[in-house]
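These notes are about the structure you will find just below.
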Amino acid sequence: MDVHFFDQDTGIAVGGTSESLRGNAVVLRTTDGGSTWSRVYESVKGSGISGEWGWKISFPSPEVGFVSVEYASNNDGHPAKILKTTDAGVTWTALDVTGSVSRAGLQGIGFRTETEGWASGRGVTSYTADGGNTWTQLLDWAAAEQTDQGGNVLASPAGQLDGAINRIIFVNDSLGVAVGRRVYLLNPASVTGVVQAPGVPDGFVLRDAYPNPFSDHLTVEFDLMEPGPVRIEIVDAVGRTHGVLATGMRTAGLHQITWDGRDENGRRMPSGMYFLLMDFDRSPEVKQVVLIR
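Sequential numbering from 1124 applies to the sequence shown in this note's numbering.
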């Protein structure tokens, strides 16, 4: 289940047709800020699949977007599948993730460009370079992980991830984050990755912002284990920066700031998904928030 807004009026939401998880995957679209919704896609389940639903959304451009589909069961061994749109969510097509078979389908999906992306869930992460037409399965990195002297788990030059990725987000062309069992920072230029080992990040913690979703004011808290330079930006789903919540040197300890849902020019931001991108002494961390007007 996920939501994505292109502007203050137009957006899509994905989920399922049944609360019991025995229905079909569905995509809804609104053009009036969420006051009304129309059903633009409903899946047709394969044999042996008792239920499916849309799980996560990724739009690498305003026109092209993708949705991962999760299964309640997959008794007949159908491949995992995604949904793809090339007209900003007006129409959708189902594509098989060839080679990826699990009883529960997919969870995380993230595309850096209209052609290059990753899809993951329940043991298998797959990579495509042609917009989802063909896929390559990546080695489960849990079977071959290494750590550096700082305790970070290093991914290989081939870009392997483990198979438990719940969300994949590209904030911009130079920063991608995959989260699930671990948190990966992806470098798309060389298709490599570094993941922070489980535990408290070195030097700082960006806490979950609250309330989330929010409508008027969002409280953001972060802990610094030592003094240092901090920068927190508000970034939208396509990587555009709309404001800076904090910048400059900060002392060690707990810090609290608020965001009133306005951009750097004081304009009210439209409903949608945004990211808090925190950089502390050149170490990034990202949190997702949802603004509802």
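For every residue, glycine included, the Cβ atom is placed at its ideal position computed from N, Cα and C.
No experiment lies behind these values; they were computed from the predicted model shown.
Next item on the list: Flag this pair as yes or no: are the beta carbons of A1195 and S1173 separated by less than 8 Å?
Entry: On the sequence shown, position 72 is the one that residue 1195 refers to. On the sequence shown, position 50 is the one that residue 1173 refers to. Yes, these two residues count as a Cβ contact at 8 Å.
Item checked: Counted within 10 angstroms of its Cβ, other Cβ atoms place A1267 as buried (16 or more) or exposed -> Translated into positions along the sequence shown, residue 1267 becomes position 144. Since pLDDT at A1267 reaches only 44, below the 50 mark, its modelled position is unreliable, and the value read off the structure follows with that caveat. Exposed, because fewer than 16 other Cβ atoms sit within 10 Å of the Cβ of A1267.
Next item on the list: Check P1352 in the structure and name its three-state DSSP category.
Entry: Looking up residue 1352 in the sequence shown gives position 229. Three-state DSSP puts P1352 in a strand.
Checklist line | Start and end residues, beta strand (DSSP E) containing W1382 | finding: The residue given as residue 1382 occupies position 259 in the sequence shown. That run of the beta strand (DSSP E) goes 1376 to 1382.
Next item on the list: Mind checking who F1182 pairs with in its DSSP beta bridge?
Entry: Translated into the one-based positions of the sequence shown, residue 1182 becomes position 59. DSSP links F1182 through a beta bridge to no other residue.
Check: Does the segment 1151 to 1161 come close enough to the segment 1179 to 1197 to have 3 or more Cβ pairs within less than 8 Å?
Finding: The segment 1151 to 1161, when compared against the segment 1179 to 1197, does not touch it at the 8 Å Cβ threshold.
Next item on the list: Reducing DSSP to helix, strand and coil, say where M1124 ends up.
Entry: Taking the sequence shown and counting its residues from 1, the one referred to as residue 1124 is at position 1. Residue state, collapsed to three classes: coil.
Margin query: Applying the 10 Å Cβ sphere with the 16-neighbour rule, what's the burial state of V1149?
Written below: Along the sequence shown, one-based indexing puts residue 1149 at 26. Buried, by the Cβ-count rule.
Checklist line | Per-residue DSSP class, three states only, for V1412 | finding: Translated into the one-based positions of the sequence shown, residue 1412 becomes position 289. DSSP places V1412 in strand when its eight states are reduced to three.
Margin query: Just to confirm, is the Cβ distance from F1128 to S1394 under 8 Å?
Written below: For the purposes of this step, residue 1128 is taken as residue 5 along the sequence shown, with counting starting at 1. For the purposes of this step, residue 1394 is taken as residue 271 along the sequence shown, with counting starting at 1. Yes.
Margin query: For M1348, tell me which candidate among E1237, A1375, F1234, V1412 has the shortest Cα-Cα distance.
Written below: By 1-based counting over the sequence shown, the position of residue 1348 is 225. Selection E1237, A1375, F1234, V1412 evaluated against M1348 yields A1375 as nearest (Cα-Cα).
Margin query: Less than 8 Å between the beta carbons of Q1230 and G1240, yes or no?
Written below: Walking along the sequence shown from the start, residue 1230 turns up at place 107. Walking along the sequence shown from the start, residue 1240 turns up at place 117. Taking 8 Å as the Cβ cut-off, Q1230 and G1240 do not qualify as a contacting pair.
Check: To the nearest angstrom, how far is it from the Cα of L1261 to the Cα of G1254?
Finding: On the sequence shown, residue 1261 is found 138 positions in, with the first residue counted as 1. On the sequence shown, residue 1254 is found 131 positions in, with the first residue counted as 1. Looking at the two C-alpha atoms, the distance is approximately 17 Å.
Notebook entry, point to check: Taking G1212 as the reference, which of I1291, R1416, S1143, V1137 has the closest Cα?
Noted result: Within the sequence shown, residue 1212 is the residue found at index 89, counting from 1. Taking each of I1291, R1416, S1143, V1137 in turn and checking the Cα distance to G1212, the smallest one comes out for V1137.
Checklist line | Per DSSP, cross-strand counterpart(s) of M1401 | finding: Start at 1 with the first residue of the sequence shown, and residue 1401 comes out as number 278. Per the DSSP secondary-structure output, M1401 pairs in a beta bridge with I1355, E1408.
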